[in-house]
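From first to last, the protein sequence lines are chains A and B.
Read in order, the letters of the first sequence are residues 1 to 335 in the UniProt record's numbering.
Read in order, the letters of the second sequence are residues 1 to 335 in the UniProt record's numbering.
Comments concern the structure below.
Protein chains: 2
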Amino acid sequence: MKSIFILVLGNTEVSLIPGISVAGATPELTKLTPPADAEYLFYEKPRIIDAIPVTPEGHPTPAIITKAARELANFPILVVRGGTYLAPLVPHVHISSAVGRDFRREPALPEFGEIVRMAKLLGEELNRTEIEELVIGESTPGGTTTAQAVLWAMGYDARTSSASPENPQSLKEQVIAEGFQRAGIERGQLKDNPLEALRQFGDPMMATVVGLALGFRKNVVLAGGTQMLAVSALLKALEEDMSRFMIATTKWVVRDKSATFIETAKEIGIITYAADLDFSKSEFKGLRDYENGYVKEGVGAGGATWLAIKAGFSPEEVSAKVEELYRRLMGMKSP
Amino acid sequence: MKSIFILVLGNTEVSLIPGISVAGATPELTKLTPPADAEYLFYEKPRIIDAIPVTPEGHPTPAIITKAARELANFPILVVRGGTYLAPLVPHVHISSAVGRDFRREPALPEFGEIVRMAKLLGEELNRTEIEELVIGESTPGGTTTAQAVLWAMGYDARTSSASPENPQSLKEQVIAEGFQRAGIERGQLKDNPLEALRQFGDPMMATVVGLALGFRKNVVLAGGTQMLAVSALLKALEEDMSRFMIATTKWVVRDKSATFIETAKEIGIITYAADLDFSKSEFKGLRDYENGYVKEGVGAGGATWLAIKAGFSPEEVSAKVEELYRRLMGMKSP
Chain A
1 MKSIFILVLG NTEVSLIPGI SVAGATPELT KLTPPADAEY LFYEKPRIID
51 AIPVTPEGHP TPAIITKAAR ELANFPILVV RGGTYLAPLV PHVHISSAVG
101 RDFRREPALP EFGEIVRMAK LLGEELNRTE IEELVIGEST PGGTTTAQAV
151 LWAMGYDART SSASPENPQS LKEQVIAEGF QRAGIERGQL KDNPLEALRQ
201 FGDPMMATVV GLALGFRKNV VLAGGTQMLA VSALLKALEE DMSRFMIATT
251 KWVVRDKSAT FIETAKEIGI ITYAADLDFS KSEFKGLRDY ENGYVKEGVG
301 AGGATWLAIK AGFSPEEVSA KVEELYRRLM GMKSP
Chain B
1 MKSIFILVLG NTEVSLIPGI SVAGATPELT KLTPPADAEY LFYEKPRIID
51 AIPVTPEGHP TPAIITKAAR ELANFPILVV RGGTYLAPLV PHVHISSAVG
101 RDFRREPALP EFGEIVRMAK LLGEELNRTE IEELVIGEST PGGTTTAQAV
151 LWAMGYDART SSASPENPQS LKEQVIAEGF QRAGIERGQL KDNPLEALRQ
201 FGDPMMATVV GLALGFRKNV VLAGGTQMLA VSALLKALEE DMSRFMIATT
251 KWVVRDKSAT FIETAKEIGI ITYAADLDFS KSEFKGLRDY ENGYVKEGVG
301 AGGATWLAIK AGFSPEEVSA KVEELYRRLM GMKSP
């Protein structure tokens with residue numbers, strides 16, 4: 001296969017703010033979500049914790065979609081630790097262990113320069129191989145809030161999505177307002193200073209994906225929802241030609257009326273793909289609820305599905321494989 | 001390019017035994033040699049320490065050959081931390097931070113199973129790409145002693161080479177004898193138990209290369225001298241088909257009369273390639289001394305040269321590029 005799937009792991013303290021993130025059963029558990037997601041792609045279940053990441057209401061991580069697509073299409077996976085509390089217990093490229101700080105109190109990512117440089121070196125090495133396309137997914141609890149902050153700082157009138165059907169927009173906006181006040185900036189003020197937006201409000205996932213995309217000069221699929229809008233906006237402001245980029249996400253992100261995925265993608269000028277997965281007929285509530293706005297995207301689920309479709313599988317086959325994997329997990333739970 | 005160069009980094013406490021290793025200006029500095037070698041491939045000089053690794057007498061690391069070959073042939077490099085004291089300040093795949101123990105006192109590598117498993121997972125991912133060939137080099141001070149111990153445990157009547165023109169064979173043999181006594185085994189006793197030989201006397205580089213080679217099912221070039229004989233012997237005992245393997249080294253290893261490179265390779269049944277580099281006309285004593293038995297090999301120098309030759313360059317061009325890089329280093333030293 002001429003493509004490789006890269007999973008970039010990031011943490012930010014923002015996910016610990018109560019109510020911001022449901023990418024973990026509790027705010028504290030969101031610290032473990034990135035490594036656990038990565039591990040689940042390689043093993044029957046994570047190693048760092050004895051269960052897959054779930055929302056507080058028990059909805060399974062979108063890593064299950066990525067894992068399903070990979071079981072079908074057999075694409076190679078490279079895990080990259082952009083910056084997390086803990087290292088995943090799988091082979092992974094170490095870029096940094098810097099976690100994004102709570103930007104209400106201090107700049108989010110003083111280490112952005114080193115992270116971008118390291119990731120760019122990795123991108124340059126990948127560029128020397130026969131690989132023609134990077135499909136870059138992410139696992140970053142709290143990442144839609146950092147994404148919206150970066151987009152606002154750069155002047156985009158964007159609302160990012162959420163893994164919850166009740167997008168906590170007013171909380172996000174309050175957190176961002178506090179961050180802007182702390183930094184002494186207004187919306188749009190960092191339009192021409194993307195790296196300062198990254199430093200003030202970003203997260204290590206964004207810095208890593210930006211670096212990878214700067215180093216790898218062929219096609220890059222940004223596999224994610226509204227978080228990848230922030231990455232796209234950064235790349236555009238860094239004067240990258242957007243025609244070699246695409247965002248691949250899921251229909252659930254596109255349909256999210258609380259967010260501005262399509263509008264903001266158009267404003268940035270990046271094309272998009274939305275995986276047409278359908279869990280409405282699942283026998284499991286945890287999966288059926290994806291149709292009700294839970295989870296939506298993450299761990300490059302849309303991009304992984306896109307790779308499966310390029311390899312000749314249908315969205316129905318990916319959905320069926322997800323069902324099978326979830327049944328297997330449920331079987332493990334109560335043997 | 002259909003090949004990728006992988007540099008596996010390993011440390012073993014054995015390099016701290018005075019007189020065993022000259023892969024560093026002092027025994028203590030051998031701890032820094034693996035990360036510094038990796039960094040020198042990416043930067044003008046290492047970051048973890050302000051100079052390239054040298055022997056106690058000042059001969060430059062063979063990383064200079066690898067760097068020269070890469071500057072010519074532009075092959076991709078993936079650094080893998082098999083197990084070192086310190087992480088290199090370059091993007092690298094983390095396999096472990098376990099350092100091989102002094103096998104005179106205790107088993108060298110209780111973590112061998114986890115390291116082999118992790119490296120095998122990485123090999124499997126690489127196997128899913130279009131990459132047809134791994135060229136695996138190493139930087140492991142003290143590694144010829146662990147290699148000889150493993151070969152002896154498995155019944156090979158081998159003598160490994162050394163980065164010194166005065167191969168400390170009697171010291172190596174004394175250290176190995178103490179190790180065998182501690183473990184309660186005799187030469188050849190672990191002939192059919194390669195993993196126990198690895199656990200008792202090996203190092204994290206060996207475990208990592210074995211794992212990579214088990215996971216990647218296409219061609220593997222083991223880029224090193226007598227250390228790669230130990231890896232080959234392990235792979236053969238693990239019932240791998242040796243026809244997909246080759247050892248690529250330098251003429252200096254092949255010519256080393258204190259070692260048994262060709263004989264042992266024949267006994268194992270692995271083909272070999274020896275890079276015909278010639279530093280005899282260098283203006284620098286540090287390089288000319290390679291012709292007098294100093295350094296000889298390391299950091300996959302022979303395998304990197306082989307990649308350059310496959311890309312259409314001559315050994316003379318690689319030698320000339322080494323001269324250029326060394327001149328650049330000397331210029332940096334006294335500006």
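No residue lacks a Cβ here, since even glycine has one placed at the ideal position from N, Cα and C.
* How many whole angstroms separate the CB atoms of B/Val299 and B/Thr129, which I take to be in contact at a CB cut-off of 8 angstroms? -> Wrong, their Cβ atoms sit about 23 angstroms apart, outside the cutoff.
* Asked: Within this structure, are the beta carbons of A/Ala68 and A/Lys321 separated by less than 8 angstroms?
  -> Yes, the pair counts as a contact, with Cβ atoms nearer than the cut-off.
* To do: Ignore the nearest five residues each way along the sequence and tell me which others in B/Val231's own chain have a CB closer than 7 angstroms to its CB.
  => Taking B/Val231 as the centre and dropping the five residues before and after it, the same chain places the C-beta of Met206, Val209, Val210 and Leu222 closer than 7 angstroms to its C-beta, in chain order.
* Looking at the unbroken beta strand (DSSP E) that takes in B/Tyr273, where does it start and where does it end? -> Segment Ile271 to Ala275, the beta strand (DSSP E) holding B/Tyr273.
* To do: For the segment 115-159 of chain A, list the beta strand (DSSP E) runs that are entirely contained and at least 3 residues long, ordered along the chain.
  => 133-139
* Cβ-Cβ distance between B/Lys296 and B/Gly225 below 8 angstroms -> yes
* Determine the chain B residues that contact A/Leu109 at a beta-carbon separation under 7 angstroms, and present them in chain order. => Going along chain B, no residue has its Cβ under 7 angstroms from A/Leu109, so there is no contact; the nearest lies around 18 angstroms.
* Asked: For chain A, is any of its Cβ atoms less than 8 angstroms away from the one on B/Ile115?
  -> no
* **Short CB-CB distance (under 8 angstroms) between A/Arg128 and chain B** => yes
* Return helix, strand or coil for A/Arg81, following the three-state DSSP convention. => strand
* Measure from the C-beta of A/Glu125 to each C-beta in chain B and report whether the shortest distance is under 8 angstroms. => yes
* **Contacting residues, own chain, Cβ-Cβ under 8 angstroms from A/Arg105 (five flanking each side not counted)** => Excluding residues within five positions, the ones whose Cβ falls inside 8 angstroms are Arg182.
* Taking only beta-carbon atoms, is A/Val93 less than 8 angstroms away from chain B? -> yes
* Of the choices A/Leu9, A/Met1, A/Ala73 and A/Thr12, whose alpha-carbon is the least far from that of A/Gly312? -> A/Ala73
* Do we get a CB-CB distance below 8 angstroms when we pair B/Ile4 with the residues of chain A? -> yes
* Asked: residue 405 of chain A touches chain B at which residues, Cβ-Cβ below 9 angstroms?
  -> Within the shown structure, residues of chain A are numbered from 1 to 335, placing residue 405 of chain A beyond reach of any answer.
* To do: Specify the secondary structure class of B/Val221 as computed by DSSP and reduced to three states.
  => DSSP places B/Val221 within a strand segment (E or B) once states are collapsed to three.
* To do: Please determine, among A/Ile115, A/Ala177 and A/Val90, the residue with the shortest C-alpha to C-alpha distance to A/Ser97.
  => A/Ile115
* Asked: Is DSSP giving A/Met246 helix, strand or coil here?
  -> If DSSP states are grouped into helix, strand and coil, A/Met246 belongs with the strands.
* **Straight-line gap, A/Ala213 to A/Lys236 (C-alpha atoms, nearest Å)** => 11 angstroms
* Taking B/Ile20 as the reference, which of B/Arg244, B/Thr140 and B/Asp278 has the closest Cα? -> B/Thr140
* Check whether B/Val93 and B/Leu126 have beta carbons under 8 angstroms apart -> Against a cut-off of 8 angstroms, the Cβ pair of B/Leu126 and B/Val93 comes out as no contact.
* Please list the residues of the segment 217-243 of chain B that have a C-beta atom closer than 7 angstroms to any C-beta atom in chain A, keeping them in chain order. => none
* According to DSSP, is B/Phe5 helix, strand or coil? -> Correct three-state label for B/Phe5: strand.
* So, is A/Ile4 buried or exposed, given that buried needs 16 or more other C-beta atoms within 10 angstroms? -> Its Cβ being crowded by 16 or more others within 10 Å, A/Ile4 is buried.
* Does DSSP put A/Pro204 in a helix, a strand or coil? -> helix
* To do: Examine chain A for any beta-carbon lying closer than 8 angstroms to the beta-carbon of B/Leu122, and answer yes or no.
  => Judged by the 8 angstroms Cβ criterion, B/Leu122 is in contact with chain A.
* For B/Gly194, the three-state DSSP class (helix, strand or coil) -> The question names Gly, but residue 194 of chain B is Pro in the sequence shown. Helix at B/Pro194.
* Quick one: what's B/Pro60 bridged to in DSSP? -> B/Val54
* Asked: Nearest-angstrom Cα distance between B/Arg328 and A/Ala108?
  -> 39 angstroms
* Should B/Phe112 be flagged as near chain D, meaning a C-beta pair shorter than 8 angstroms? -> Given the protein chain composition of this structure (A and B), no chain D is represented.
* What three-state label does DSSP hand B/Thr33 in the structure shown? -> helix
* First and last residue of the beta strand (DSSP E) that includes B/Val93? -> His92 to His94
* **Bounding residues of the alpha helix (DSSP H) (the contiguous stretch that carries B/Leu109)** => Element bounds for B/Leu109: n/a, residue is neither H nor E.
* Straight-line gap, B/Ala197 to A/Arg288 (C-alpha atoms, nearest Å) -> C-alpha separation (whole angstroms): 52 angstroms.
* Nearest-angstrom Cα distance between B/Gln200 and B/Ile176? -> 11 angstroms
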